[in-house]
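In the numbering used here, the protein residues as written are 911 to 1233.
Read through the structure below, which is laid out as structure tokens, and then see the notes.
Next comes the structure, spelled out in structure tokens:
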């Protein structure tokens, strides 16, 4: 990866020189009680030149596993680079995080309002501030997410097709799966793409939940990428991925044919054959038991862990085409 040599970077209006570290506050608005809300932006700079890397999480306030990943990166000192700069923002949507809501108090999904506007809605103002006051000097971003609405995502990196630079970084990260997906309009990832800032979007686990395996996968992947960029401190060991990532070109959701109580019987990451029994839907009275069979062969990359489902609800995300 090529990067610009920067003796000084500017974040939230503050100039930070090489070798300095600081904690800034990403403040936009107070709570309705007039209490201030401070979102820490933690910046660590080495004296040695190198890339400027940004770790972000909590774009959705209920995705606590992403917050835990960056918390561990900070707590373990992984964010103290031997070269370059690491910026950590563990919680972007602090308003949602306080109430464990996905959206902002204005009802908007932050990941659908980028690049935002200076005088727009609360979510739009946060997006604008992130884009205009944090990322202009950034060379590379890792953004951490989870599945929503009780759906558990296998650890995966999501990138757009036909980008060899991102393919290489995804290989280095070493998650079990790499899912090719289009950049969604007005998303953070799409805005970064337009600004020519490479970004890896990590998905793993589900909302309102912290999963050790998912967290370990993400932290180890972050260390591998930082090591690849020549930024990781020598006191950290690098573990090799158990296997190369499976690259997914296409996938589909298998949906419930009936409403009822749902119980999956297949583990996440498993490979299934069309017709395999992968779960069952029952009624509360012991009179009905429908066996859910795989609609196609592939890997299970998402499982709905909600105990109650309705007809048409997404149950399993199954790969249909691999690279």
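Yeah, the Cβ is synthetic: ideal placement off N, Cα and C, and Gly gets one too.
Check	Outcome
Nearest-angstrom Cα separation, counted from residue 1226 out to residue 946	41 Å
The stretch 1070-1081 contacting the stretch 978-996, beta-carbon criterion three pairs below 8 Å	no
Inter-stretch contact at 8 Å, needing at least 3 Cβ pairs: the stretch 921-928 / the stretch 1004-1021	no
Beta-carbon contacts of residue 1159 that lie in its chain and below 7 Å, excluding the five residues immediately before and after	1090, 1231, 1232 and 1233
Cβ-Cβ distance between residue 864 and residue 1054 below 7 Å	The structure shown does not extend to residue 864, since the chain is modelled only from 911 to 1233, so the question has no answer here.
Proximity below 7 Å, CB of residue 953 to CB of residue 1047	no
Rounded C-alpha distance that separates residue 964 from residue 1110	11 Å
Counted within 10 angstroms of its Cβ, other Cβ atoms place residue 1149 as buried (16 or more) or exposed	exposed
Residue closest to residue 1065, alpha-carbon to alpha-carbon, out of 1186, 1190 and 1114	1114
Residue 1064 in three-state terms, based on DSSP	strand
Cβ neighbour criterion (16 or more within 10 Å) applied to residue 1008	exposed
Sequence-distant residues of its chain with Cβ nearer than 6 Å to residue 935 (five each side left out)	948
Buried or exposed by the 16-neighbour rule on C-beta atoms within 10 Å, applied to residue 998	buried
Delimiting residues of the alpha helix (DSSP H) encompassing residue 1240	As shown, the chain starts at 911 and ends at 1233. That puts residue 1240 outside it, with no answer to give.
Residue from 1184, 1211, 1222 and 1221 whose Cα sits closest to the Cα of residue 1061	1211
In DSSP terms, what residue 1235 is bridged to	For residue 1235 there is no data in the structure shown, the boundaries of the chain being 911 and 1233.
Selection from 1002, 1032 and 1045 that minimises the alpha carbon distance to residue 1106	1045
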